Amino acid sequence: MTEDPNTIRIDRSNHPAGGWGAVKSTFKVFRLQEIAGKVGTGLLRTNQPGAFDCPGCAFPDKPGKAVVDTCEQGQKAVAWEMTRKAPGPDFFAGHSLEQLRALSDYELESQGRLTVPLLYTTESGHYTPIGWDQVFEITGRELGALGPDQAAFYASGRSSNEAAFLWQLVARAWGCSNLPDSSNFCHEPSGYALKAAIGVGKGTCQLDDFERANLILVIGQNPATNHPRMMAALHDAARRGAKVVAINPLRERGFTNFSDPKAVGEMLTGRGMAVAHRIIQVRIGGDLALFKGVMKRLLELDEQARASGAPRPIDEAFIAQHTTGFEAVAADLAAESWDLLVAESGVRREQIDELAQLYAEAPATMATWCMGLTHHEHSVATIQTLANLLLLRGNIGRPGAGAMPVRGHSNVQGDRTMGATSTMPARWLDNLTGEFPQAAITRQAGLDAAGVTERLLRGDLGALLSLGGNFAVAGPDSTRVLAALSGCRFTLHIATKLNRTHCHPGQVGLLLPTLGRTDLDLQQGRPQVVSVEDSTSTVRSSRGIQAPLAATMMSEPAIVCGLGQALVPAGGIDWAAMAADYGQIREHIERVQRGINDDFADFNRKLAERGRLTLTNSARERQWKTASGKAEFNVHPVPTAGAVARARQRHGEAVLALMTVRSHDQFNTTVYGPDDRYRGVFGGRRVVFLSAADLQARGLRDGQLVDLHGCGDEDEHERVVRGFKAVRYDIPAGCAAAYFPEATPLLAASNLSLHTRTPAYKDIPVLVRAARQEQDTAGAS
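Everything in the sequence shown is counted per this note's numbering, starting at 500 for the first residue and increasing by one.
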């Protein structure tokens, strides 16, 4: 249903993040899913040995420590999946596509778990139940008529390693290398930037580094909402005396007032604590300038130390032994203008100096970040500049220090390790070909998510198959992409619940019900285990515990093996054997990873005995797998001609830089409810956060309805979202924020990061104007 922004309530009270609010919310979500009796199961079995891995974020767990190792957001994901609600045949028979599209994202997913395979055809006009034999027959027929170049296989981060490995195997054995994945939408710039700088495209930290760090930089992320278990680690670090510095345009509640639900004293008093020692409200897109400012000041302090004979703040021995390119970076910083760094970062000079001093004094520093760094045109340059900052003091490859991109979905990193992406190294493809010598494995590089989107919008992609996810809504230009999907010949979605992408099937569309992480997976009567990889490169086992809602639901590996049998029946691949025993899948994974990730040796034994294994990170051991054989400093200029700057050249200073954010009742595109407790928004999601100065400059009042007009690099398409409630918030002037995915129609599909083609969701040029109906009313008065 259409949301009425006039009913949205704003509450500016300052109750602690976490605390009793998190406890109450956890019980509430289980009650709303009509499984109140399972709240104990959710709390005690999530992330525990012999049970299931959280289907939410990829923050690591700590084995053997906590009886409860989960969080409010994780329990929302668990309850959402464990629900006993399910839409029956009457629901789909009684809802045309137009009627489904009229439902909100929350209403779609609130129908419950999908339990039977569904077929849509243009002739029927709605989804109808079919059998699994029909599913595989239709898939073989439709894709056989189109051919591999006309299809794309999208992998979301919700799948297991076993399913992801099979997914890419089916695609490549069939001859299709168009394998977009959810990393294309999120941490692609992190992997690309770190691979070039330190030789590995993953974070270098482990969970225990939070216990050893003296300074923790939390950049471009809101962990209290997006990965609350990280807040517990930050909370503990702050209590023992480490300094946490939050660098983010929005001043978030979790940094200023947080209560750990496991801290008895805080729960008894109802009081939280300020986890952040400092909050630096950088302007949107200003992080690179801030990092350069800190480095410039650090080198000034180093000159002073050299002159006085004091200990130097830069690690000269580390730089000499382990790095290359320092001299070029030092020369660039010396020539950089302080006026430019202050103006582009939006941070006062004294704040930059203070941060540099904190950094100089900290024996060990961690830098963690999320989408606030990756969703920009210049994201790769920004992350490599952050890597420069870490290298200056040798803060990679020692306890309490390192780089930690915090992944979103629980196995988005594992998908990549398993090859479920459009481009893989030659060695990996050699191993895959050797493992399946009778299959015609394609070695071509394929389309990433941006490439698939481009072809969809041109109307020359015939099929999209999705292993989980909400492709059209997770990407930019969502209104146009949804319409383009409906023009495809064939779509296939493997899913646990309905989402908006499913409401826009192709001329022939399949919607296939799969088991979730919490569901007991029995194959031929034997329970199966899957695995996932977290943000610290730890691969963990996961075993479902509750009986599936219906016998007609299939596991992801079983569905993908069925697709493999339909598409590649004669490639010498024993699909049936792998579907019956996931241990056989892991044996193939182990052999394909030889010489690449040798930690997968004895994969099945390690999972059975330990429940986990940690993949070696060469940079953590100060082994640099770069072209030079050393960690590489990279020189990058301060960006001054990005999308917002270009828009201001055309439209003037009225243009704002808008960042999309999640609400507290949300995980990725899944909306659990209409509230954002930590930002004080209740009863709706169509809000835009603006500074008091920007409201005044536009003649707007707090609470007024406004329309947002996208004004990026122009084409023939109008991009506007209407009827948003303006909310005064603590955000730098010139910046704005609105919820994802409500605001993603404002971003053109062409507004991508350099090098990695990741959508620039955090730097959307917009014009904010009084809502059209208010303008009409004013004109009539």
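Where is the CB? At the ideal position from N, CA and C, for every residue including glycine.
Predicted model only: the values in this text are computed from it and were never measured.
In the DSSP assignment, Glu641 falls within the unbroken alpha helix (DSSP H) covering 631 to 645.
Taking 7 angstroms as the cut-off, the beta carbon of Ile1058 is found closer than this to the beta carbon of Leu1011.
Secondary structure of Pro1056 (DSSP, three-state): helix.
By the criterion of a C-beta distance shorter than 6 angstroms, Ser836 is surrounded by no residue of its chain, once the five residues flanking it on both sides are discounted. Leu706 sits away from Thr864, with the two beta carbons spaced by 7 angstroms or more. Annotation for His877: Leu787, Pro1138, Gly1141, Leu1253 place their beta carbon closer than 7 angstroms to its own, counting only its chain and skipping 5 residues before and after. Comparing C-alpha distances from Ala842 to each of Ala806, Thr867, Lys791 shows the shortest one belongs to Lys791. Classified as buried, Asp1175 has 16 or more neighbouring CB atoms from the shown chains inside 10 Å of its CB.
Judged by DSSP secondary structure, Ile779 falls outside any alpha helix (DSSP H) and instead within the beta strand (DSSP E) spanning 777 to 779.
Proximity of the stretch 1231 to 1251 to the stretch 1196 to 1211 meets the contact definition, three or more beta-carbon pairs being nearer than 8 angstroms. According to the DSSP assignment, Ser921 belongs to no beta strand (DSSP E), since it is labelled neither H nor E. Ranked by Cα distance from Arg1178, the options Pro628, Arg1227, Pro975 are led by Arg1227. Secondary structure at Trp519: helix, using DSSP grouped into helix, strand and coil. Between Asp1262 and Gly784 a beta carbon distance of about 5 angstroms is seen, short of the 8 angstroms cut, so the two are scored as contacting.
DSSP places Val1134 outside both helix and strand once states are collapsed to three, so it counts as coil. Restricting attention to beta strand (DSSP E) runs no shorter than 3 residues, the stretch 966 to 1050 encloses them at 989 to 994, 1007 to 1012, 1029 to 1032, 1037 to 1041, ordered along the chain. By the CB criterion at 7 angstroms, Val669 and Leu966 fall outside the cutoff.
Annotation for Asn660: Gly913, Met917, Ser1030 place their beta carbon closer than 6 angstroms to its own, counting only its chain and skipping 5 residues before and after. In chain order, Thr525, Val567, Thr569, Gln574 place their CB closer than 8 angstroms to the CB of Leu542, counting only its own chain and leaving out the 5 sequence neighbours on each side. Note on Gln883: 16 or more other CB atoms within 10 angstroms of its CB, so buried under the neighbour-count rule.
For His874, there is no enclosing beta strand (DSSP E), as DSSP gives it neither H nor E. At the C-beta level, Leu832 and Met794 come within 7 angstroms of one another. Under the three-state reduction of DSSP, Val1220 is assigned to strand.
Under the DSSP assignment, Lys1261 falls outside any alpha helix (DSSP H); it carries neither an H nor an E label.
In this structure, the beta-carbon distance from Arg906 to Ala1235 does not fall below 7 angstroms. By the beta-carbon neighbour count (other beta carbons within 10 angstroms, threshold 16), Gln667 is buried. Taking 7 angstroms as the cut-off, the beta carbon of Cys704 is found closer than this to the beta carbon of Met903. Taking 8 angstroms as the upper bound for CB-CB distance, Ala576 and Gly555 are in contact here, some 4 angstroms apart. For the 7 angstroms CB-CB criterion, Leu645 and Pro1056 do not form a contact. In the displayed model, Ser758 falls within a strand according to three-state DSSP. For Gln1027 against Tyr1081, the beta-carbon gap comes to about 5 angstroms, under 8 angstroms, which counts as contact. Note: Ile509 is bridge-paired with Val1180 in the DSSP secondary-structure output. In this structure, DSSP gives Pro588 a helical state, which the three-state scheme calls helix. By the beta-carbon neighbour count (other beta carbons within 10 angstroms, threshold 16), Lys1105 is buried. Boundaries of the alpha helix (DSSP H) harbouring Ile697: 687 to 697, taken from the DSSP string.
Counting along the chain, the unbroken alpha helix (DSSP H) around Tyr858 starts and ends at 848 to 860.
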